[in-house]
Amino acid sequence: MKHVQNKIRAWLDGELPDAEAATVRQHCEICPQCRRTWQEMAAVWDTLALAAAPRLPRPIWPELEAKLVRREPAWHRVALATGGVATAAAGLLLGLWLGTQNGNGQISGWPSLVEQGALFVEGTDLTLDQLYLAAGAEEGEVQP
Amino acid sequence: MYGDSVNDDQLMAEAAQGDERAFQLLVSRWEQAVFGFLYHMVGSSEDAEDLTQETFLRVHGHASKYRPEDKFQSWLFRIAGNLARSYLRRRKLLRWFRFDTDQHDQPDPALLPDEALARKQVRDMVRAALEELPFRQRQAVVLQRYQGLSYREIANLMATTPAAVESLLQRAADRLRRRLAGKVATT
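Which chain is which? The protein sequence lines are A and B, in order.
First residue of the first sequence? That's 84 in the numbering used here, and the numbers climb one at a time after it.
First residue of the second sequence? That's 34 in the numbering used here, and the numbers climb one at a time after it.
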């Protein structure tokens, strides 16, 4: 009987092959002690079944997606920060360079690309020409 | 676009390559199961929801380390189980320091209709009984009873043998039976 008692758990959990499960079930039908063990075990498992987890209140994706964006790889953040610093430094240098031009408003020494207005300022739709005009230079001053 | 025919391993491979839609589909497939597992492990739906998110953040972060030889479900629940264990340790410590009371969901019973109240009482009773189980016994019970995993799958997930899982379940059932004695009806 002991060997059957040891198999009641596996039987209840659906872990026994069909033939063995049938043997255990038949034994439990005729043996009061094993039947009692089976009923006690089944009652505990049945009670657990009454306490199923609630449904998730909402899909987690929207919040998860936001967290994933915030958790970008470290090298991403370093690259972005470096890019920002480089852009700021370039802007500062440009400002300083413009500030050192001669006082009569004439501009000299622009690289040819700048002279042609072909160089765009990073992060804007402006050419250096337009940027310079916005800073107060007369139109045409940057042309050769 | 991905359909139901795409298996978890394929989705993981795509997610590891940075495909967000593949990862989103994996999340929608598994979020309820992970939440259910964590709910039974930690006993609070709010904390289980947070831990579910953390589980998927870990999955995303370690997608490139996933190997299809390991069944996705096992890998996923292993991560969730580790998070639950850490959380329970933290909670135990916090309670000790701050004399915290239970953080379980406790809606006002006066607001519940009779049937809902009875259901809640059973759920509270089971939750309290589960909480008294040692972590591994609880994990085995939750995976077997609520997630429907076989002894072999649980053994793989918990890095042990099917015989050890059966033993864990047996000891857990004995404890639960004593704890729930008089509250469960035998047929």
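Glycine included, each C-beta is placed from N, C-alpha and C at the ideal position.
Identification of residues in the stretch 50-74 of chain B having a C-beta nearer than 7 Å to some C-beta of chain A yields Q57, V60, S61, E64, Q65, F68, G69, Y72, H73, given in sequence order. Contact between the stretch 55-75 of chain B and the stretch 184-196 of chain B is absent, with fewer than three C-beta pairs closer than 8 Å.
Proximity of R169 (chain B) to chain A, defined by a Cβ-Cβ separation below 8 Å, is not satisfied. Nearest CB-CB separation between D96 (chain A) and chain B: below the 8 Å threshold. Within chain A, the C-beta atoms nearer than 7 Å to that of T85 (chain B) come from I143, in chain order.
Residue-level contact check: T130 (chain A) touches chain B, since one or more beta carbons of chain B fall below 8 Å from its beta carbon. Within 8 Å of the CB of L139 (chain A), the CB atoms of chain B belong to E64, Q65, F68, E82, T85, in sequence order along the chain. Contact of A136 (chain A) with chain B is assigned, a C-beta pair being separated by under 8 Å.
R212 (chain B) places its beta carbon less than 8 Å from that of E165 (chain B).
For Q172 (chain B), the closest alpha carbon among the candidates B:E82, B:D157, B:K153, B:G69 is that of B:G69.
For R152 (chain B), the closest of A:A134, A:G166, A:A126, A:A125 by C-alpha to C-alpha distance is A:A134. At a cut-off of 8 Å, the C-beta of V39 (chain B) has no neighbouring C-beta in chain A. Each residue's CA atom was taken as its position, placing V155 (chain B) and A214 (chain B) some 13 Å apart. Looking at the backbone, the Cα of Q122 (chain A) and that of C114 (chain A) are separated by about 12 Å.
When CB distances to chain A are screened at a threshold of 7 Å, the residues of the stretch 192-207 of chain B falling below it are E199, L202, Q203, A206, in chain order. Against chain A, the CB of F89 (chain B) has a partner CB under 8 Å away; the residue lies at that interface.
Our two residues, L181 (chain A) and A173 (chain A), have alpha carbons roughly 12 Å apart in a direct line.
At least one beta carbon of chain B lies nearer than 8 Å to the beta carbon of V127 (chain A). No Cβ-Cβ contact shorter than 8 Å links C117 (chain A) with V152 (chain A). From the listed residues B:Q203, B:D52, B:S119, the smallest Cα separation to G94 (chain B) is found for B:D52. If you draw a 10 Å sphere on the C-beta of Q86 (chain B), you find 16 or more other C-beta atoms in it, and that means buried. Contacts with chain A (Cβ-Cβ distance below 9 Å) from the stretch 149-161 of chain B involve R152, V155, R156, D157, M158, V159, R160, listed in chain order. In the three-state DSSP reduction, T130 (chain A) falls in the helix class (H, G or I).
Counted as a single uninterrupted DSSP element, the alpha helix (DSSP H) harbouring A149 (chain A) occupies residues 144-153. Per DSSP, C114 (chain A) lies in no alpha helix (DSSP H) and is assigned neither H nor E. Between T130 (chain A) and R160 (chain B), the alpha-carbon positions lie close to 11 Å from each other. The Cβ atoms of T120 (chain A) and I143 (chain A) do not sit closer than 8 Å to each other. At a Cβ-Cβ threshold of 8 Å, A117 (chain B) and L84 (chain B) count as neighbours. Residue-level contact check: Q177 (chain B) touches chain A, since one or more beta carbons of chain A fall below 8 Å from its beta carbon. Boundaries cannot be given for S97 (chain B), as no alpha helix (DSSP H) includes it and DSSP labels it neither H nor E.
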